[in-house]
Amino acid sequence: MRPLPSLARFYRRHLRISGTVSTLLLVAGLTTAALLPAPPAARPALDMTRASAWLESTTIGAVSLVSATAGRVVTVTAVPGAAGHRMSVQQDGPDPYVSDLDANTITRVDGARLAADPAVAFPAPVDLVTAGGDQYAVSTTAGSVTAVDPVTLAETGVPLGLPHPPLSAVLAGPDGTLWAHMTLNGTLVGVRDGAIRTSAPSAFFTEQVALSEVDGTVVLANLAKGIVVALDERGVPAQRWAALPATGPTALVAARGADGVLPVVLPGRGELVLSRPGGAPADIVDLRAGSAARLGRPVLAGGVVYVPDDATGRVLRYAPGRGLLAPLWVTAGQASLRVIARDGLVWAHDADGPQAVVVDGDTVRSLLKYTVPSPSAVPSAAPPSAAAPPSPGPSPVPRRDPVPRLPITYRAVSITSFTQLQGQPAWAPAIKDRLLHGTWRLTKSGSISYTAPGLAANMQPVRGTFSVSGSRVSFRGSKTYRDSVANNSLTMSGTITAGPRPVMTVTFNSRNETVAVVNGQTFRTVVISRYRATLRLTA
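In terms of our numbering, the sequence shown opens at residue 794 and continues consecutively.
What follows is the structure in structure tokens.
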């Protein structure tokens, strides 16, 4: 073979080396492209809705998305027209629903856009309940259950008018059944796929009951008799649980239990009751809350029972087997506390103010739902460093003739006098407990409303009017309910003396008439109760 000229040998060697280098560069380029992160536009955004909760703020009429992971507020979303109104938030999925309890509206907040949709009005106060992937608008006063579209909240089926309102309890069962208990005839109804699937009569007619879910089982508690039973899939009692002290309808039952424990709070006695399956007596725990406590509904999460106390702004805690734990301080004084368990975290916050606390195992962190102050507009999210509310500053000098600044909400601090004018003495403890947990709301338009836990759902709010003369407010209101078997009425009248330490004197008159026909014979029962009380209030 004839050798190549030197120039040809150079080009051949150069081409071979270049080809090798090109191949290596190509492989290296592909490998590098595989190892490098995607461009910023292609990266998934941090999901700020995880390990987070939507918390309402009634003073400014808004809901805040608070992230435990980021340790700050993600966004504050206004709910038009809700400022100063009672609000509640239902959040079983990515989109929370905000109920304006005074305007009878529900607003959906789009979890992706972090913006509120237009509010949807309902003819009566409703609760939005998710059961089996379906959304239902439930009116406990009217006894109606309506399937609604989860986005538009428009009716998707025929409203189910249950024949004997009001409903004393509603629960989304673990199998997707919506359970509703009718007070007047004691029937327990199960709704699934927008239709009534089961109906079970009970002996608990004309009595308040509570429904809870414990470890996948529906549990019914009769608050009047203290009976607790587990139900089967038909709504029929299947197992008896430890009985509760018969304290009347003021007992507060947890919506969810766990590990075979159903927590119940007895506000008038400052006690926590733990009911379990079987014949053993219930555990009774003295919460050491004090006589002025205003205890709320318990929440069980992570083996700890959380009990809010509106009078002190703290959440009491009890762990079975360990005893009382250190309380969570949400505010430095009175508050409207809410406690929710979500995604393994426990959130406690003041529904009327900016303070919030999140519990993650043994870690407790304080947060603000919005920056302070901002009385006229929805404020921006609080910075990560905001961990406590600012100091309130000096108190203004009280006016010589104080006039209530409307709108205003009064709550009872203590009862300074109580006189039962008519009725059974055994009713007095429950009546006093309702007064201590009552709320009176006065608006700029001159209307007043009264609500209280333990008062039948169809007998509240009691609405009326008021007039102001200097520091003296005179008011009067009433509520009636009538159907084929009942004719009930409740009236209230009294005065409020405004000032740094407001005082109310109020008189209530209650008349409950029940009619029953048995074997063609009509039986009529009339129960009358009258009482007068003087209360020390807080605004």
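Cβ coordinates follow ideal geometry from the N, Cα and C atoms, glycine included.
Report the rounded CA-to-CA distance for residue i versus residue j, giving the unit in angstroms.
i, j, result
"G822", "R865", "Low per-residue confidence applies at G822: pLDDT is 39, beneath 50, and the placement is therefore not dependable enough to give any value."
"V1255", "R1269", "9 Å"
"T1327", "M975", "35 Å"
"A951", "S937", "Residue 951 is actually Val in this sequence, not Ala. C-alpha separation (whole angstroms): 10 Å."
"V1132", "R1265", "36 Å"
"L1024", "G1292", "51 Å"
"L1037", "L964", "20 Å"
"Y1099", "R1090", "9 Å"
"A774", "F998", "Past the edges of the chain, shown from 794 to 1332, lies residue 774, and the structure says nothing about it."
"P1074", "A1035", "5 Å"
"G1146", "I1208", "26 Å"
"A1082", "W1220", "23 Å"
"D840", "Q1032", "In this prediction, D840 has a pLDDT of 46, which is less than 50 and means its spatial position is unreliable; what the coordinates show is noted afterwards. Approximately 43 Å between the Cα atoms of the pair."
"D1194", "G1263", "Residue placement at D1194 is poorly supported in this model, since its pLDDT is 47, which falls under 50; the coordinates are not used for a value here."
"Y1243", "V1206", "15 Å"
For a quick check, are the C-beta atoms of residue i and residue j less than 7 Å apart?
i, j, result
"R1323", "N1302", "yes"
"V944", "A930", "no"
"P1200", "G874", "no"
"V882", "V869", "no"
"L1067", "V1058", "no"
"R1227", "G1247", "yes"
"D885", "T933", "no"
"A846", "R1135", "yes"
"A844", "A855", "no"
"M1285", "V1299", "yes"
"V1157", "A1141", "no"
"D1143", "A1128", "yes"
"D1102", "L1088", "yes"
"L1065", "L1045", "no"
"A917", "T900", "no"
Considering only the alpha carbon of each residue, which of the options lies closest to residue i?
i, options, result
"L960", "V982, D1143, G966", "V982"
"G1019", "P1200, N978, T1010, E1000", "E1000"
"D1008", "G1050, A996, V902", "G1050"
"V1097", "G1106, T1010, R1115", "R1115"
"V1021", "G1072, G987, R990, T991", "G1072"
"I989", "P1197, V1002, P956, P1147", "P956"
"G1095", "I1224, D1153, P1147, P958", "D1153"
"R1107", "L1214, S1159, T949", "S1159"
"A1112", "G1061, D1052, S1084", "D1052"
"L953", "A909, W972, T1258, G966", "W972"
"A1249", "G1231, Q1127, G1146, K1162", "G1231"
"G966", "A947, S1005, S995", "S1005"
"L1093", "R1062, G1137, I1077", "G1137"
"R1062", "S1238, A993, T1307, P1222", "P1222"
"S1210", "L1229, V1139, K1162", "L1229"
What residues match up with residue i in a beta bridge as DSSP calls it?
i, result
"Y1203", "W1233"
"Y1324", "Q1213, F1301"
"V1021", "A1014"
"M1285", "G1270, F1301"
"G735", "Beyond the ends of the chain as shown, which are 794 and 1332, falls residue 735; an answer cannot be given."
"N1251", "DSSP, once it has assigned bridges, lists no residue as partnering N1251."
"Y1099", "V1092, R1110"
"T1318", "T1307"
"W1034", "P1070"
"W1140", "I1133, V1151"
"I1241", "L1235, G1257"
"S1159", "V1150"
"I1208", "L1328"
Secondary structure, beta strand (DSSP E): runs of 3+ residues fully inside the region 835-900
845-850, 855-860, 865-871, 880-883, 890-893
Threshold first: 3 residues or longer. Then list the beta strand (DSSP E) segments lying entirely within the region 970-1014, N to C.
971-975, 981-985, 988-993, 1002-1007
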